[in-house]
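For reference, the structure is listed below as structure tokens.
Residue numbers (my numbering): 2 to 478.
Encoded structure:
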């Protein structure tokens with residue numbers, strides 16, 4: 002297209018060749034170019050007779066520009082009439098899309114869409130419309146993702162900065178807390194050693210550093226006694242070893258190793274009850290110390306309490322499943338337990354055998370069958386008040402508890418408590434059953450009665466805290 006208006010031999014300037022015109026005029030020119038150029042001397046075809054006297058006008062001056070504008074206006078009006086008369090609107094829309102084609106070219110390539118130029122003479126297909134819509138959606142999604150990615154980068158930068166600051170702060174706080182906890186632990190140690198604590202009071206030692214120094218000296222003395230005991234133990238002089246280990250324990254009752262060593266010495270003298278007790282205390286002081294489980298189980302084996310010994314060893318396996326000492330002792334005790342159970346059943350009455358059968362069913366999680374067997378065992382007892390019957394009631398309550406049959410648990414445990422008011426298993430099970438039925442005050446009453454008998458039962462302490470909170474919540478309502 003020419004950048005300047007073209008002038009014919011007759012002096013007529015084709016207004017459709019002008020530049021910087023609206024898109025609509027560009028499209029109009031594309032449709033009417035040939036018709037106008039072929040009939041530039043026949044302006045009457047476009048109803049422009051009013052402008053024939055002006056053919057010699059200089060179209061570069063103000064009057065000429067006004068003439069051109071008037072001609073353009075008339076052409077636009079005539080163009081609308083022709084579009085309506087001959088159905089040119091669709092062609093107009095098609096040309097409009099062709100003008101947009103170059104703008105879409107690069108985006109289509111990026112989107113991987115096959116590029117096929119539309120034909121002037123063919124109508125746009127549904128597939129073409131879908132392609133255009135895909136292009137629009139891809140452009141919109143691309144813009145959204147770019148904005149989102151920028152936000153993520155900014156958030157990631159802020160997060161990394163925050164993490165670095167937090168790590169630095171936490172490291173400093175942790176170091177300070179470890180230092181304070183170490184000091185507190187040393188001071189609290191005195192309360193477990195009354196003779197040292199009272200001695201410090203009588204001597205008027207109030208400086209914290211002096212107290213810590215006293216504790217450190219006591220630990221050193223205890224270690225020296227332990228080492229002396231180890232020497233006696235190596236020579237199999239178990240009596241003197243026990244004496245030295247006991248002196249070490251007197252200086253430091255919180256060291257689990259001293260109890261473990263003394264347990265081994267007791268076992269060397271076949272004092273299995275003491276060996277089992279020291280092993281149990283070792284576990285309480287340090288549940289992660291595997292030797293403690295072995296020491297207690299060895300003492301229980303000597304007492305021929307094979308079932309309890311296996312329970313302790315299984316607990317130790319939860320700390321270290323591959324421990325050779327634990328596995329070896331399990332292999333020794335299991336056949337002894339089976340043999341003892343066979344001998345026990347041979348001398349049992351019918352009710353006792355049923356109880357043992359119920360115990361086996363309980364261990365295999367067959368609770369409903371176990372309830373039936375315990376019930377049969379109770380019926381086989383001479384009296385409901387016999388120790389065997391009471392044990393079966395308690396065991397049956399445990400089965401009901403596993404099945405969440407809380408009413409049945411309360412019924413069986415209440416029967417036991419009528420005969421044995423201090424039966425700890427019955428108090429615990431009934432208290433938890435009351436909690437399950439949301440009868441919190443009765444539950445708290447049983448749990449407190451149990452803790453009065455033995456304050457060290459962990460599950461009861463947790464239950465008291467939990468149920469107590471529920472009771473307080475009821476009061477606030």
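Glycine included, every Cβ here is placed at the ideal spot set by N, Cα and C.
Asked	Found
Proximity to residue 279 [Cα-Cα], best of 252, 257 and 269	257
Spatial neighbours of residue 243 in its chain, beta-carbon cut-off 8 Å, leaving aside the 5 residues before and after	230, 263, 266, 267 and 270
The stretch 343-359 contacting the stretch 320-327, beta-carbon criterion three pairs below 8 Å	no
When 160, 304, 342 and 292 are compared against residue 316, the one with the closest alpha-carbon	292
Buried/exposed call for residue 301, threshold 16 Cβ in 10 Å	buried
Of the residues 394, 408 and 226, the one placed nearest residue 380, counting alpha carbons only	394
Close beta carbons around residue 339, own chain, < 6 Å, minus the five adjacent residues each side	none
Among 446, 391 and 362, nearest to residue 371 - alpha-carbon criterion	362
Own chain residues within Cβ distance below 8 Å of residue 396, not counting five before or after	356, 359, 360, 363, 371 and 375
Range of the contiguous alpha helix (DSSP H) that encloses residue 376	368-381
Residue environment, residue 464, which counts as buried when at least 16 other CB atoms sit within 10 Å	buried
Length of the line joining the Cα atoms of residue 82 and residue 70	19 Å
Residue span of the alpha helix (DSSP H) that contains residue 297, given as start and end	291-303
Residues near residue 414 by beta carbon distance below 6 Å, same chain, minus five either side	398, 427, 430 and 431
Beta-carbon proximity of residue 283 to residue 290, cut-off 8 Å	yes
Contact belief for residue 441 with residue 417 at Cβ below 8 Å, rounded distance in angstroms	So it is not a contact: roughly 22 Å between Cβ atoms.
Inter-residue CB distance, residue 420 and residue 391 (contact presumed, cutoff 8 Å)	6 Å
Residue 273 - DSSP class collapsed to helix/strand/coil	helix
Proximity of residue 249 and residue 235 at Cβ, strictly below 8 Å	no
Three-state secondary structure assigned by DSSP to residue 412	helix
Residue 422 in three-state terms, based on DSSP	coil
Exposure label - residue 146; buried when at least 16 CB within 10 Å	exposed
Sub-8 Å separation of residue 239 and residue 259 beta-carbons	no
Neighbourhood of residue 297 by C-beta distance below 7 Å, restricted to the same chain and skipping five residues each side	277, 280, 281, 284 and 313
Enclosing alpha helix (DSSP H) for residue 363 [first to last residue]	351-364
Distance CB(residue 311)-CB(residue 368) smaller than 8 Å	no
Contacts around residue 409, its chain only, beta-carbon distance under 7 Å, and the 5 residues preceding and following it disregarded	401
Residue 39 classed as buried or exposed, judged by whether at least 16 other C-beta atoms fall within 10 angstroms	Per-residue confidence for residue 39 stands at a pLDDT of 42, beneath the threshold of 50, marking its modelled position as unreliable; the derived number appears in the next sentence. Classification for residue 39: exposed.
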